[in-house]
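Undergrad: One line per chain: the protein sequences are A and B, in this order.
Those letters in the first sequence? Residues 1 to 408, per the working numbering, in order.
Those letters in the second sequence? Residues 409 to 816, per the working numbering, in order.
One structure follows; several queries about it will come next.
There are 2 protein chains.
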Amino acid sequence: MPVNLPYPKSEDLLPVAGFALGHAEAGIKKPGRRDLLVMRFDTGASVAGVFTTNRFCAAPVTVSKRNLAAGRIGALVVNTGNANAGTGAPGMANAERMCAATAALLGLDAAQVLPFSTGVILEPLPIEKIEAALPAAVGALAEDNWFNAAHAIMTTDTQPKAMSLQGTVGGAAITITGISKGAGMIKPNMATMLGYIATDAAVAQPLLQSLVSEIADASFNAITIDGDTSTNDSFIVVATGKAAMAPIESADDARYAEFRALLLTVAVKLAQAIVRDGEGATKFITIAVEQGASREECRKVGYAIAHSPLVKTAFFASDPNLGRLLAAIGYAGITDLDVSKVELYLDDVHVATEGGRHPAYQEADGQRVMQQSEITVRVVLARGDAAATVYTCDLSHDYVSINADYRS
Amino acid sequence: MPVNLPYPKSEDLLPVAGFALGHAEAGIKKPGRRDLLVMRFDTGASVAGVFTTNRFCAAPVTVSKRNLAAGRIGALVVNTGNANAGTGAPGMANAERMCAATAALLGLDAAQVLPFSTGVILEPLPIEKIEAALPAAVGALAEDNWFNAAHAIMTTDTQPKAMSLQGTVGGAAITITGISKGAGMIKPNMATMLGYIATDAAVAQPLLQSLVSEIADASFNAITIDGDTSTNDSFIVVATGKAAMAPIESADDARYAEFRALLLTVAVKLAQAIVRDGEGATKFITIAVEQGASREECRKVGYAIAHSPLVKTAFFASDPNLGRLLAAIGYAGITDLDVSKVELYLDDVHVATEGGRHPAYQEADGQRVMQQSEITVRVVLARGDAAATVYTCDLSHDYVSINADYRS
């Protein structure tokens with residue numbers, strides 16, 4: 001059961017002018033499941049993305065990065081059920097074939113298509129099944145097809161993740177709609193598994209790229225479920241420019257801040273949705289680290305806590321075994337940390353001070369907070385002005401069950 | 409159920425001349441459990457140790473490091489059930505009281521005692537219970553009491569870990585006996601939870617200290633269960649010098665290599681015993697990383713694999729979902745890794761080559777190896793001559809159960 005994640009309603013997902021989505025059932029992993037998605041837009045749209053840093057990155061990631069750099073992208077194509085990662089030279093050839101087949105149906109060059117795959121690693125991509133199903137996906141292209149699209153990118157997700165937001169940029173009404181997927185093999189240091197956001201706002205491509213990198217850092221790069229960095233992580237934003245506005249060309253444009261705030265809201269919600277639907281998750285944990293000497297050391301502390309199986313199982317058990325939090329802070333890698341100055345809070349409860357338990361701390365207070373489904377851990381390092389926030393979930397029996405059974 | 413870890417027999421644990429052990433039931437966590445241990449030896453013994461690098465290190469670790477540096481140690485005292493970590497200034501005072509009470513009973517100065525605690529973090533040490541039980545522990549001091557001692561340091565361990573080895577050093581017969589404990593919050597980068605080894609060999613203290621640091625790196629620092637670095641990790645070696653031999657004073661002494669080999673054997677076995685009895689462990693995994701540019705990068709790859717919950721759950725499920733191994737290698741942090749040169753083996757099965765699955769690999773071969781209780785993952789990086797080995801276990805439902813229930 002996802003943690004406080006409303007099931008999206010089809011009617012709440014607003015079409016983005018100039019951005020159409022079409023799904024199909026390719027039967028890649030099992031029959032009768034939406035597992036193929038094509039997204040189509042004018043080649044004049046601005047497209048920006050960030051990708052996994054995993055050295056064993058998937059073939060489609062390599063192809064997408066290359067094609068994106070060349071520009072004039074007109075379509076995205078996504079399959080689930082097979083990651084096309086750890087597949088060597090044949091995997092690269094299959095990723096190219098996926099582009100070529102999509103391009104042929106849409107009247108594009110193969111280099112104008114970005115391919116994405118997600119699923120099992122180290123198995124050959126069944127490219128024939130994808131090629132056979134692509135005409136159906138292209139036939140289904142429609143701007144009001146976000147609900148099916150959100151389904152078509154799911155793997156172990158228990159529900160689709162999607163949201164829309166409308167706002168104004170310099171007085172012009174714009175729409176932003178996005179979808180994301182991922183529930184395991186989720187760790188920071190790049191994007192998530194898959195996140196796609198489209199907007200009709202007009203934003204110059206270089207500006208959009210720098211904005212997407214920045215926003216990824218505060219959204220998809222701030223989440224972790226199991227510390228495993230996927231081979232396929234990708235986060236793509238397409239700005240079709242169909243809204244009634246002149247393009248935003250510079251960060252100095254007053255409209256940039258407005259657009260940035262709207263896009264950040266959607267990206268953070270979609271990233272958090274992945275954690276809320278994390279494999280086996282029963283709790284949504286926000287770890288806010290403050291007063292660090294650098295953002296990097298704040299992130300280190302946040303991830304040490306977020307990746308500790310002992311901390312995660314304590315959250316699962318609603319057990320205020322909070323010494324485990326101190327241990328994680330202590331081994332996070334800040335070698336000159338003065339632990340006597342560290343303050344630890346669980347929501348409003350002051351847990352630790354002066355290297356030990358806070359005198360006013362009562363087990364009942366810790367217990368009360370631990371029983372909630374949403375918990376904020378706040379760590380004050382007292383070393384500077386930097387801060388960072390990490391979002392994670394607990395570690396439950398279901399995480400083990402899901403990952404022990406994934407392929408079988 | 410520990411993985412291929414024979415239950416030690418009392419008669420197999422050989423006394424070490426000049427090293428006596430006494431246990432008691434202090435009722436720290438629950439009544440009727442051996443939870444206090446005193447170890448006594450002449451102050452002329454050589455004592456060496458390595459300790460956790462966790463910044464929230466326990467009060468007894470701070471006191472032990474200080475006292476060890478001052479020299480002329482005559483006793484070790486260990487309690488389980490409470491870690492005396494995250495306890496601030498009162499915790500320091502309690503660690504000192506533990507030394508003083510032990511010293512008073514043994515006719516030593518408080519500074520000649522090394523204190524150790526293991527158990528729950530962030531709770532005050534019940535020092536009165538320890539003081540009350542110390543006379544019983546001292547009364548039980550005997551050289552043939554290793555079996556009880558191994559029990560007295562257990563926490564979530566399912567069985568005691570102990571072993572003895574006899575050998576010759578320059579023709580002189582020596583005995584080495586050791587005990588260890590720890591089953592969760594086990595991660596490298598220092599010692600294990602607790603490991604104590606005694607020998608009657610005669611070795612000068614400075615040489616023993618450098619040897620212990622070196623050996624820790626290949627034994628207690630090469631194991632990981634959950635990636636959580638404890639606040640209390642300590643590994644201590646005491647050489648009483650009662651064997652019929654002149655002291656080894658230099659690494660150039662031909663006897664040094666003989667002694668080193670014997671001590672390493674015991675340390676590795678005791679360290680592996682911790683992994684074999686890892687919380688919820690059903691498999692013992694050796695990760696051998698070869699042909700790295702440095703030992704450090706080999707360790708990075710080893711730990712990335714060993715800490716991946718996805719890899720660990722696949723081992724638990726005996727599922728040859730081996731793409732997860734490639735993903736972990738890919739995110740281990742070697743930013744210039746050429747994945748097309750990486751070779752991956754599961755025991756004798758060649759799994760991956762040239763960035764993808766080995767042409768001869770068959771699922772049935774992977775399945776066969778994954779069903780074993782002992783598995784070796786071998787990664788060849790093809791970048792240099794360095795190597796490193798990491799020992800770990802799988803991640804099972806029982807790990808979650810044990811850590812969700814630890815305090816309750």
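Virtual Cβ for every residue (Gly too), placed ideally from N, Cα, C.
Grab the span of the beta strand (DSSP E) containing B/ALA796 for me, first residue to last.
TA: For the purposes of this step, residue 796 of chain B is taken as residue 388 along the second sequence, with counting starting at 1. Taken as a continuous stretch (DSSP letters only), the beta strand (DSSP E) holding B/ALA796 covers 794-801.
Undergrad: Residue ranges of each beta strand (DSSP E) run of no fewer than 3 residues wholly in the segment 272-328 of chain A, ordered along the chain?
TA: 284-292
Undergrad: Is any beta-carbon of chain B found at less than 8 angstroms from that of A/CYS57?
TA: Within the first sequence, numbered from 1, the residue matching residue 57 of chain A stands at position 57. Interface residue, yes.
Undergrad: Near B/ALA599, which residues of its chain fall below 6 angstroms by C-beta distance, leaving aside the five closest residues on each side in sequence?
TA: Position 191 of the second sequence, counted from the first residue, corresponds to residue 599 of chain B. Only weak support exists for where B/ALA599 lies, its pLDDT of 31 falling under 50; the value from the coordinates is given anyway. The residues are VAL458, ALA624, PHE628, ASP641, SER642, PHE643.
Undergrad: Kindly indicate if chain A contains any beta-carbon less than 8 angstroms away from that of B/HIS805.
TA: One-based indexing of the second sequence puts residue 805 of chain B at position 397. Closer than 8 angstroms to some Cβ of chain A, the Cβ of B/HIS805 qualifies, so yes.
Undergrad: Around the C-beta of A/SER250, are 16 or more other C-beta atoms found within 10 angstroms, so that it is buried, or is it exposed?
TA: Position 250 of the first sequence holds residue 250 of chain A. Exposed, because fewer than 16 other Cβ atoms sit within 10 Å of the Cβ of A/SER250.
Undergrad: What does the alpha-carbon distance come out to for the pair A/ALA201 and A/ALA239?
TA: For this step, residue 201 of chain A is matched to residue 201 along the first sequence. For this step, residue 239 of chain A is matched to residue 239 along the first sequence. Taking the straight line joining both Cα atoms gives about 6 angstroms.
Undergrad: If contacts are defined as beta-carbon pairs under 8 angstroms, then B/VAL697 and B/GLY710 qualify, I think. What distance do you get, rounded to the angstrom?
TA: Against the second sequence, residue 697 of chain B aligns to sequence position 289. Against the second sequence, residue 710 of chain B aligns to sequence position 302. That pair is a contact at about 5 angstroms.
Undergrad: Does DSSP put A/MET370 in a helix, in a strand, or in coil?
TA: Walking along the first sequence from the start, residue 370 of chain A turns up at place 370. Assignment of A/MET370 by DSSP, reduced to helix, strand and coil, places it in the helix class.
Undergrad: I need the straight-line Cα distance from B/ILE783 to B/VAL645, nearest angstrom please.
TA: Residue 783 of chain B sits at position 375 when you count from the first residue of the second sequence. Residue 645 of chain B sits at position 237 when you count from the first residue of the second sequence. Here the C-alpha atom of B/ILE783 lies approximately 30 angstroms from the C-alpha atom of B/VAL645.
Undergrad: When the distance is taken between beta carbons, is A/THR177 closer than 8 angstroms to A/LEU13?
TA: The residue labelled residue 13 of chain A in the question sits at position 13 within the first sequence. The residue labelled residue 177 of chain A in the question sits at position 177 within the first sequence. Result yes, Cβ atoms of A/LEU13 and A/THR177 sit closer than 8 angstroms.
Undergrad: Where does B/MET598 fall in DSSP's three states?
TA: Here the question's residue 598 of chain B lines up with position 190 in the second sequence. At B/MET598 the pLDDT is 31, less than 50, meaning the model places this residue with poor confidence and gives no usable figure here.
Undergrad: For A/HIS151, which residues of its own chain have a beta-carbon under 8 angstroms away from its beta-carbon, when the five flanking residues on both sides are left out?
TA: Along the first sequence, one-based indexing puts residue 151 of chain A at 151. If we look at A/HIS151 and ignore the five residues flanking it on each side, its Cβ neighbours are HIS23, ARG34, PRO160.
Undergrad: Note down, in chain order, each residue of its chain lying with its Cβ closer than 7 angstroms to the Cβ of A/GLY333, except the 5 sequence neighbours on either side.
TA: Along the first sequence, read from residue 1 onward, the residue named residue 333 of chain A stands at position 333. LYS300, listed in sequence order.
Undergrad: Going by beta carbon distance, what residues of the same chain come within less than 7 angstroms of A/GLU123, once the five residues before and after it are set aside?
TA: The sequence position of residue 123 of chain A within the first sequence is 123, counting from 1. ASN82.
Undergrad: What three-state label does DSSP hand B/GLU536 in the structure shown?
TA: Locating residue 536 of chain B in the second sequence gives position 128, where the first residue counts as 1. Note: B/GLU536 maps to helix in three-state DSSP.
Undergrad: Please state whether DSSP places A/PRO115 in a helix, a strand or coil.
TA: Within the first sequence, the letter at position 115 stands for residue 115 of chain A. If DSSP states are grouped into helix, strand and coil, A/PRO115 belongs with the strands.
Undergrad: I'd like the list of long-range same chain contacts for B/ALA466, defined as Cβ closer than 7 angstroms, with 5 residues on each side in sequence excluded.
TA: The residue given as residue 466 of chain B occupies position 58 in the second sequence. Only ALA491, ASN492, ALA493, SER525, THR639, ASN640 meet the Cβ criterion.
Undergrad: So, at 8 angstroms on beta carbons, what are the nonlocal neighbours of B/PRO691 in its own chain, with the 5 sequence-adjacent residues on each side left out?
TA: Taking the second sequence and counting its residues from 1, one reaches residue 691 of chain B at position 283. Here residue 691 of chain B is Lys; the residue named in the question, Pro, does not match the sequence. Same-chain partners within the cutoff: VAL411, PHE723, PHE724, GLN780, SER781, GLU782, ILE783, CYS801, ASP802.
Undergrad: Which two residues bound the contiguous beta strand (DSSP E) that contains A/GLU343?
TA: As a position in the first sequence, residue 343 of chain A is number 343, starting the count at 1. Element bounds for A/GLU343: 343-346.
Undergrad: Give a yes or no on whether the C-beta atoms belonging to B/PRO523 and B/SER472 are separated by under 8 angstroms.
TA: Here the question's residue 523 of chain B lines up with position 115 in the second sequence. Here the question's residue 472 of chain B lines up with position 64 in the second sequence. Closer than 8 angstroms, so yes.
Undergrad: Could you compute how far the alpha carbon of A/ALA149 sits from the alpha carbon of A/GLN209?
TA: Residue numbering aside, residue 149 of chain A sits at position 149 when the first sequence is read from its first letter. Residue numbering aside, residue 209 of chain A sits at position 209 when the first sequence is read from its first letter. So the two alpha carbons sit approximately 24 angstroms from each other.
Undergrad: Should B/VAL798 and B/GLN699 be called a contact, given that it needs their Cβ atoms to be closer than 8 angstroms?
TA: Mapped onto the second sequence, residue 798 of chain B falls at position 390. Mapped onto the second sequence, residue 699 of chain B falls at position 291. For B/VAL798 and B/GLN699, no; Cβs fall outside 8 angstroms.
Undergrad: How about B/ALA545 and B/VAL446: are their beta carbons less than 8 angstroms apart?
TA: Indexing the second sequence from 1 puts residue 545 of chain B at position 137. Indexing the second sequence from 1 puts residue 446 of chain B at position 38. Result yes, Cβ atoms of B/ALA545 and B/VAL446 sit closer than 8 angstroms.
Undergrad: Which first and last residues belong to the beta strand (DSSP E) in which B/ARG448 is found?
TA: For the purposes of this step, residue 448 of chain B is identified with residue 40 of the second sequence, where counting begins at 1. First-last of the beta strand (DSSP E) with B/ARG448: 444-449.
Undergrad: Name the chain B residues that come within less than 7 angstroms of A/VAL275, Cβ to Cβ?
TA: Taking the first sequence and counting its residues from 1, one reaches residue 275 of chain A at position 275. Within chain B, no residue comes near A/VAL275; the closest Cβ sits about 15 angstroms away, beyond 7 angstroms.
Undergrad: Could you compute how far the alpha carbon of A/LEU270 sits from the alpha carbon of A/MET163?
TA: Here residue 270 of chain A corresponds to residue number 270 of the first sequence, with the count starting at 1. Here residue 163 of chain A corresponds to residue number 163 of the first sequence, with the count starting at 1. Approximately 7 angstroms between the Cα atoms of the pair.
Undergrad: Taking only three categories from DSSP, how would you classify B/PHE667?
TA: Residue mapping note: residue 667 of chain B aligns to position 259 of the second sequence, counting from 1. Reduced to three states, the DSSP call for B/PHE667 is helix.
Undergrad: For A/LYS9, collect the residues of the same chain with a Cβ closer than 7 angstroms to its Cβ; drop the 5 residues on either side in sequence, then sort them by chain order.
TA: Residue mapping note: residue 9 of chain A aligns to position 9 of the first sequence, counting from 1. Here the set comprises nothing.
Undergrad: How would you write the range of the alpha helix (DSSP H) that A/LYS161 sits in, first residue to last?
TA: Residue mapping note: residue 161 of chain A aligns to position 161 of the first sequence, counting from 1. Note, A/LYS161: premise wrong, no alpha helix (DSSP H); beta strand (DSSP E) at 161-169.
Undergrad: From which residue to which residue does the beta strand (DSSP E) around B/ALA630 run?
TA: To locate residue 630 of chain B, count along the second sequence from 1; it is residue 222. Per DSSP, B/ALA630 belongs to no beta strand (DSSP E) and is neither H nor E.
Undergrad: According to DSSP, what are the bridge partners of A/ALA48?
TA: On the first sequence, position 48 is the one that residue 48 of chain A refers to. Bridge pairing for A/ALA48: A/VAL237 [DSSP].
Undergrad: Just the Cα atoms here: how many angstroms apart are A/ALA382 and A/ARG295?
TA: Numbered from its first residue, the first sequence carries residue 382 of chain A at position 382. Numbered from its first residue, the first sequence carries residue 295 of chain A at position 295. In a straight line, the C-alpha of A/ALA382 is about 13 angstroms away from that of A/ARG295.
Undergrad: Identify, in the order they occur along the chain, each residue of the same chain with its Cβ nearer than 7 angstroms to the Cβ of B/THR510, setting aside the five sequence neighbours on each side.
TA: Taking the second sequence and counting its residues from 1, one reaches residue 510 of chain B at position 102. Closer than 7 angstroms at Cβ, skipping near neighbours: VAL446, ALA483, VAL485, VAL521, LEU542.
Undergrad: Which of the three DSSP states is assigned to A/PHE471 in this structure?
TA: Residue 471 of chain A cannot be examined here, being either before or after the span of chain A that is shown, 1 to 408.
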